[in-house]
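Take a look at the structure below.
2 protein chains.
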Amino acid sequence: MWNIDQIYSWRNNLVDKFKNIKLEIQYNGANYYGWQKQRNHISVQEVLQKKLTQLLKENIEVIGCSRTDSKVHALKYVCNFKSKTNIPCEKIKYALNPLLPDDIVVLDSIEVDEMFHSRYSCVGKTYVYKILSREVRPVFGREGIYHYKDYLCVDKMKVAAKYFIGKHDFNAFKSSGSSVKTTIRTIQSINIIKKQQEITIEVTGDGFLYNMVRIIVGTLIQVGINKIEPEYIQTILKNKDRKLAGPTAPAEGLYLKEIYFSKKDLL
Amino acid sequence: MWNIDQIYSWRNNLVDKFKNIKLEIQYNGANYYGWQKQRNHISVQEVLQKKLTQLLKENIEVIGCSRTDSKVHALKYVCNFKSKTNIPCEKIKYALNPLLPDDIVVLDSIEVDEMFHSRYSCVGKTYVYKILSREVRPVFGREGIYHYKDYLCVDKMKVAAKYFIGKHDFNAFKSSGSSVKTTIRTIQSINIIKKQQEITIEVTGDGFLYNMVRIIVGTLIQVGINKIEPEYIQTILKNKDRKLAGPTAPAEGLYLKEIYFSKKDLL
Numbered sequence: 001m002w003n004i005d006q007i008y009s010w011r012n013n014l015v016d017k018f019k020n021i022k023l024e025i026q027y028n029g030a031n032y033y034g035w036q037k038q039r040n041h042i043s044v045q046e047v048l049q050k051k052l053t054q055l056l057k058e059n060i061e062v063i064g065c066s067r068t069d070s071k072v073h074a075l076k077y078v079c080n081f082k083s084k085t086n087i088p089c090e091k092i093k094y095a096l097n098p099l100l101p102d103d104i105v106v107l108d109s110i111e112v113d114e115m116f117h118s119r120y121s122c123v124g125k126t127y128v129y130k131i132l133s134r135e136v137r138p139v140f141g142r143e144g145i146y147h148y149k150d151y152l153c154v155d156k157m158k159v160a161a162k163y164f165i166g167k168h169d170f171n172a173f174k175s176s177g178s179s180v181k182t183t184i185r186t187i188q189s190i191n192i193i194k195k196q197q198e199i200t201i202e203v204t205g206d207g208f209l210y211n212m213v214r215i216i217v218g219t220l221i222q223v224g225i226n227k228i229e230p231e232y233i234q235t236i237l238k239n240k241d242r243k244l245a246g247p248t249a250p251a252e253g254l255y256l257k258e259i260y261f262s263k264k265d266l267l
Numbered sequence: 001m002w003n004i005d006q007i008y009s010w011r012n013n014l015v016d017k018f019k020n021i022k023l024e025i026q027y028n029g030a031n032y033y034g035w036q037k038q039r040n041h042i043s044v045q046e047v048l049q050k051k052l053t054q055l056l057k058e059n060i061e062v063i064g065c066s067r068t069d070s071k072v073h074a075l076k077y078v079c080n081f082k083s084k085t086n087i088p089c090e091k092i093k094y095a096l097n098p099l100l101p102d103d104i105v106v107l108d109s110i111e112v113d114e115m116f117h118s119r120y121s122c123v124g125k126t127y128v129y130k131i132l133s134r135e136v137r138p139v140f141g142r143e144g145i146y147h148y149k150d151y152l153c154v155d156k157m158k159v160a161a162k163y164f165i166g167k168h169d170f171n172a173f174k175s176s177g178s179s180v181k182t183t184i185r186t187i188q189s190i191n192i193i194k195k196q197q198e199i200t201i202e203v204t205g206d207g208f209l210y211n212m213v214r215i216i217v218g219t220l221i222q223v224g225i226n227k228i229e230p231e232y233i234q235t236i237l238k239n240k241d242r243k244l245a246g247p248t249a250p251a252e253g254l255y256l257k258e259i260y261f262s263k264k265d266l267l
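Residue numbers (full-length UniProt numbering), protein chains in the order written: chain A, 1 to 267; chain B, 1 to 267.
Structure follows, in structure tokens:
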């Protein structure tokens, strides 16, 4: 299936030799309204495009692997752009990093096949959600962890997590405000680890609906405080009703951790 | 041996019933000139005393377990003070935390024996030093980690660490500007762990000279970049010459992690 970006890429290649350059970046989302460029609000995409345009002296449009919500972080985010630059691709990171603000950094820059598209080539993602589970508030990394005061039973949360695995209709785990063709998604794994006072919930899937990870986490927390039983996850999935699931967990605990471009890596 | 604090405590107890209250606190040191109260610079001790005085409506003097340097953090710091308060000691943390700034928190407050003294009763400490070992700069928790760009050979650092274990004269690992009776200290253990891009160096000892942990870390880094061989640690210790040791590693990577009040816990 041809899409507009691919047609555009093909046309550009007829006119002149464009390189397709992939960036792996990391960002602290605390000060951004997510990845996607928008009016009146600062986004990671806007900052990156502005700095690439300044560096390469071309008008650069960056394609991202995912919209991330306002304040959500990325341990690894993949994006790509077309450029006629003569700078060797692997050197772009060294030239770009000093121009970027402290909370965005390029981990890697490489030339990729012209058909590579950060969004359409992506076959899966891993998100990680961090909870500080203790009575008193945090003093370190407050913008990157969700502080939860009440006791959470991690064993019960682990039992509940198993019900999400597999191919399901996740309509109950989607915030309104996004239009998608289908609400069916496959979750490969959910790993919950407690280390001292920090609980991490790692979710891998082929795709995620709007706020899906945060609603899954919010629902697992309801299990952790004994408000719902682990088995109730089945009922929520079956009824497809957002009102049955837990609240959307806050954005500051969420990190995009890994992006998969091959089904082999995802499984 | 009686010291001035103990005599003071004894006298106070004759006059009226004072409680000896121990606090376990955690603080992010980024915005403080260390623990110790001083003129013209904000310290953790000053903030804590001011808030305790406000809460308890008595003039409170807090005794800390250790001076920590400017910008150094504490995962667990122990201090104590005398008070005639009627507030149950274990409730003080709930009353005090809302008064404290975001970067200081009380983990626990309990009444202890009147002879307990945070500094004199302390028989050992564990410090942890965090290094982000990667080419590109950090975007998360920049104020709590030391970013080191060049490759560090952790295996060599582990070999070097062993030479510090035991009772030695650590004169070469002391910054000038402090007067101590003896520069002999005992190090119980040094554990170096690499997890992805983060290296943590955990040092446990019966006491530490001024900047001792940071100079040990700075010297281990010299080993990690092959500037000195692990065996050279023996020469530095033997010569007792500060100039032979590595530079003092920056304060932002250092955390006081544990305080021991019983020799049994230390070993």
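Using N, Cα and C, we set each Cβ at its ideal position, and we do this for glycine too. In this text the structure is predicted, and so the values were computed from the model without any measurement.
With a cut-off of 8 Å, does the C-beta of residue i fall near any C-beta of chain B?
{"i": "residue 297 (chain A)", "result": "Not covered by the structure: residue 297 (chain A). The range shown for chain A is 1 to 267."}
{"i": "Leu107 (chain A)", "result": "yes"}
{"i": "Gln26 (chain A)", "result": "yes"}
{"i": "Val159 (chain A)", "result": "no"}
{"i": "Arg214 (chain A)", "result": "no"}
{"i": "Phe140 (chain A)", "result": "yes"}
{"i": "Val136 (chain A)", "result": "yes"}
Tell me which residue opens and which closes the alpha helix (DSSP H) that residue i is part of.
{"i": "Leu209 (chain A)", "result": "Segment: none, Leu209 (chain A) is in no alpha helix (DSSP H) and carries neither H nor E."}
{"i": "Leu96 (chain B)", "result": "Ile92 to Leu96"}
{"i": "Thr126 (chain B)", "result": "Counting along the chain, Thr126 (chain B) falls outside any alpha helix (DSSP H), though it belongs to the beta strand (DSSP E) covering Gly124 to Ser133."}
{"i": "Glu46 (chain B)", "result": "Val44 to Leu56"}
{"i": "Asp102 (chain B)", "result": "Looking at the DSSP string, Asp102 (chain B) is not in any alpha helix (DSSP H), and its letter there is neither H nor E."}
{"i": "Asp265 (chain A)", "result": "Lys263 to Leu266"}
{"i": "Lys158 (chain B)", "result": "Val154 to Lys162"}
With distances taken between CB atoms, is the gap from residue i to residue j smaller than 8 Å?
{"i": "Leu99 (chain B)", "j": "Lys51 (chain B)", "result": "yes"}
{"i": "Ser189 (chain B)", "j": "Ile165 (chain B)", "result": "yes"}
{"i": "Ile21 (chain A)", "j": "Val105 (chain A)", "result": "no"}
{"i": "Phe208 (chain A)", "j": "Lys125 (chain A)", "result": "yes"}
{"i": "Gly224 (chain B)", "j": "Thr248 (chain B)", "result": "no"}
{"i": "Gln54 (chain B)", "j": "Val62 (chain B)", "result": "no"}
{"i": "Ile233 (chain A)", "j": "Val78 (chain A)", "result": "no"}
{"i": "Ile192 (chain A)", "j": "Ile184 (chain A)", "result": "no"}
{"i": "Ile131 (chain B)", "j": "Ile145 (chain B)", "result": "yes"}
{"i": "Ala172 (chain A)", "j": "Leu220 (chain A)", "result": "no"}
{"i": "Tyr148 (chain B)", "j": "His73 (chain B)", "result": "no"}
{"i": "residue 280 (chain A)", "j": "Leu244 (chain A)", "result": "What the structure shows of chain A is the stretch from 1 to 267, and residue 280 (chain A) is not part of that stretch, so it cannot be assessed."}
Would you say residue i reaches chain A, if we count a Cβ-Cβ gap shorter than 8 Å as a contact?
{"i": "Asp103 (chain B)", "result": "yes"}
{"i": "Val203 (chain B)", "result": "no"}
{"i": "Gly34 (chain B)", "result": "no"}
{"i": "Asn97 (chain B)", "result": "yes"}
{"i": "Gly144 (chain B)", "result": "yes"}
Buried or exposed, going by whether 16 or more other CB atoms sit within 10 Å of the CB of residue i?
{"i": "His41 (chain A)", "result": "exposed"}
{"i": "Thr182 (chain B)", "result": "exposed"}
{"i": "Lys264 (chain B)", "result": "exposed"}
{"i": "Glu252 (chain A)", "result": "buried"}
{"i": "Arg214 (chain A)", "result": "buried"}
{"i": "Leu267 (chain B)", "result": "exposed"}
{"i": "Asp150 (chain B)", "result": "exposed"}
{"i": "Pro88 (chain A)", "result": "exposed"}
{"i": "Asp69 (chain A)", "result": "buried"}
{"i": "Gly205 (chain A)", "result": "buried"}
{"i": "Asp103 (chain B)", "result": "buried"}
{"i": "Asn226 (chain A)", "result": "exposed"}
{"i": "Gly246 (chain A)", "result": "buried"}
{"i": "Gly177 (chain B)", "result": "exposed"}
{"i": "Gln45 (chain B)", "result": "buried"}
Starting from residue i, follow the beta strand (DSSP E) in both directions and report where the run begins and ends.
{"i": "Val62 (chain A)", "result": "No beta strand (DSSP E) holds Val62 (chain A); DSSP gives it neither H nor E."}
{"i": "residue 344 (chain A)", "result": "Only positions 1 to 267 of chain A appear in this structure, which leaves residue 344 (chain A) out of reach."}
{"i": "Gly29 (chain A)", "result": "Gly29 (chain A) -> no beta strand (DSSP E), and no H or E assigned at all."}
{"i": "Gly246 (chain A)", "result": "From DSSP, Gly246 (chain A) is part of no beta strand (DSSP E); its letter is neither H nor E."}
{"i": "Ile145 (chain A)", "result": "Per DSSP, Ile145 (chain A) belongs to no beta strand (DSSP E) and is neither H nor E."}
{"i": "Asp169 (chain B)", "result": "Gly166 to Asp169"}
{"i": "Tyr260 (chain A)", "result": "Leu254 to Tyr260"}
Would residue i pass as an interface residue toward chain E - the criterion being a Cβ-Cβ separation below 8 Å?
{"i": "Asn20 (chain B)", "result": "Structure shown: chain E not included; protein chains present are A and B."}
Minimum length 4: unbroken alpha helix (DSSP H) runs contained in the segment 184 to 236 of chain A: 212 to 224
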